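Okay, so here's the structure we're looking at.
Residue numbers (our numbering): 776 to 934.
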C-alpha cells in the first residue's frame, strides 16, 4: 500500500480517539505519538500509535485493527470462534453461527466487532455484526461480515 499522507494528530483528536476506544471496546490506549496515515489506492485510514498500526477507520468509525486488538485485549464487542473457524476467519471469510462459541451481549446490528479464537484469545479479524450478540450462537446463518483480517494488506502494513 502506497502512503498518500501522514501527519501527527492534535491533542483534541487524540482525546476523541481515546474516548471512542474506551466507549466501544473498554480499552485505554497509552501511546506517546499518534499519526494518521492515508493511502493512495484504498480507503483505509490508519492511526499509528507509537509507530504501530493499531487503529483504522471503518466507515468513518475508529476501531482497533487486528494488531491493536491483540495489543490491548478488548473486553467489549467481542465474538469468540472455535478452532474449526480459525482458518476460514483468518482468510477473510464472514463468520457463521456454527463457528461461534460466545459473543458479548453489548453487540448490536451494524456494530464493529473483534473476532478472536477461543483457545488463546488471539484476535483474527474485525467485522461488522449483522445481529445482536445474544443471537450469534446457533446452528446456521452468517452473523458477522469480515472487514479486516490476519494477513490482509492492512495487517501487513508496517508503519
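Glycine included, every Cβ here is placed at the ideal spot set by N, Cα and C. What you are looking at is a predicted structure, and each value in this text was computed from that prediction instead of being measured.
Using DSSP's beta-bridge definition, name the partner residues of residue i.
i	result
residue 838	831
residue 863	In the DSSP output, where bridge partners are listed per residue, residue 863 has none listed.
residue 823	810, 828
residue 776	DSSP lists no partner for residue 776.
residue 781	812
residue 856	875, 892
Go ahead and label residue i buried or exposed: buried means 16 or more other beta carbons lie within 10 angstroms of its beta carbon, across all protein chains shown.
i	result
residue 777	exposed
residue 891	buried
residue 921	buried
residue 916	exposed
residue 895	exposed
residue 874	buried
residue 799	buried
residue 781	exposed
residue 855	buried
residue 831	buried
residue 933	exposed
Take residue i as the anchor and find which of the options has the nearest alpha-carbon.
i	options	result
residue 805	782, 846, 814	846
residue 796	819, 876, 887	887
residue 927	879, 800, 782, 865	865
residue 859	876, 853, 905	876
residue 909	835, 879, 786	879
residue 918	898, 871, 889	871
residue 869	851, 850, 932, 889	889
residue 907	790, 853, 834, 893	853
residue 791	818, 779, 834, 838	838
residue 883	829, 863, 905, 893	905
residue 893	914, 867, 843, 857	857
On the premise that residue j lies in contact with residue i, defined as a C-beta separation below 8 Å, what is that separation, rounded to the nearest angstrom?
i	j	result
residue 912	residue 840	Not confirmed; about 26 Å, so no contact.
residue 881	residue 903	Between residue 903 and residue 881 the Cβ distance is about 15 Å, and since that is not below 8 Å, they are no contact.
residue 813	residue 820	5 Å
residue 825	residue 808	6 Å
residue 784	residue 810	7 Å
residue 836	residue 801	Actually they do not touch by this definition, with Cβ atoms about 16 Å apart.
residue 899	residue 924	6 Å
Quiz item: What are the uninterrupted segments assigned as beta strand (DSSP E) that are 3 or more residues long and contained completely in the region 877 to 926, given in chain order?
Solution: 887 to 892, 898 to 904, 917 to 924
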